[in-house]
Amino acid sequence: MTSRLFLAIVAMFGLIPAALLTGEHFSTGTACPLIGPLPACLLVFAGYGLIFYSAMAWGWKRHLAFLAGWLPVAFLAFLATVLEIANGPFCPRAFGFLPQCFLSLLLSVLIGAVWVTGILRHRKARYFERSRR
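Residue numbering for the sequence shown follows my numbering, beginning at 8 and increasing consecutively.
In structure tokens:
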């Protein structure tokens, strides 16, 4: 339960800035790079929303929602970080100087680690429960 709460809190740290950036993009049209017809910040917002939902859901749906949200967020954050390092300024800035793709990559790694440790803890508890019988 604590890993779900932590996952929800950390997902909110990604969800809120992504929502603000998406709103800024729709008002100015230039805040985020486009992936096809969609702004990347909208995809990241949807991904963090699915991650947040997965912290609240039960059963197999939570794993599906988590992976559907986390994989695109982690991939986009990794790709944007590589482009930022290789080509110079590419990502919107947080706090005026820090590329947001760096923060998104850090959050996605943290979220992935929390999810994996939650799964491992759950499986370990189930294993010990079976071995006591």
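Where is the CB? At the ideal position from N, CA and C, for every residue including glycine.
For residue i: DSSP bridge partner residues
i: Ile42; result: Leu45
is_contact[residue i, chain D] using C-beta, thresh 9 Å
i: Trp77; result: In the structure shown, chain D does not exist; there is a single protein chain.
Own chain residues within Cβ distance below 7 Å of residue i, not counting five before or after
i: Gly119; result: Trp77 and Ala81
i: Glu31; result: Ala38
i: Pro79; result: Leu50 and Gly54
i: Pro106; result: Glu91, Cys98 and Arg100
i: Val121; result: Ser10, Phe13, Leu14 and Val17
Residues near residue i by beta carbon distance below 6 Å, same chain, minus five either side
i: Gly21; result: Tyr55 and Leu114
Assumed close pair residue i, residue j - CB separation to whole angstroms, cut-off 8 Å
i: Ala84; j: Leu112; result: 4 Å
i: Thr88; j: Phe109; result: 6 Å
i: Phe52; j: Thr35; result: So it is not a contact: roughly 16 Å between Cβ atoms.
Legend entry - Every unbroken alpha helix (DSSP H) inside the segment 86-110 [4 residues or more]: none
Legend entry - the segment 8-18 / the segment 56-76 touching (three or more Cβ pairs under 8 Å): yes
Legend entry - Segment contact flag, the segment 65-73 with the segment 40-47, C-beta cutoff 8 Å, min 3 pairs: no
Inset, instruction - Entirely within the segment 45-78 and at least 4 residues each: give me those alpha helix (DSSP H) ranges in chain order. - result: 47-63
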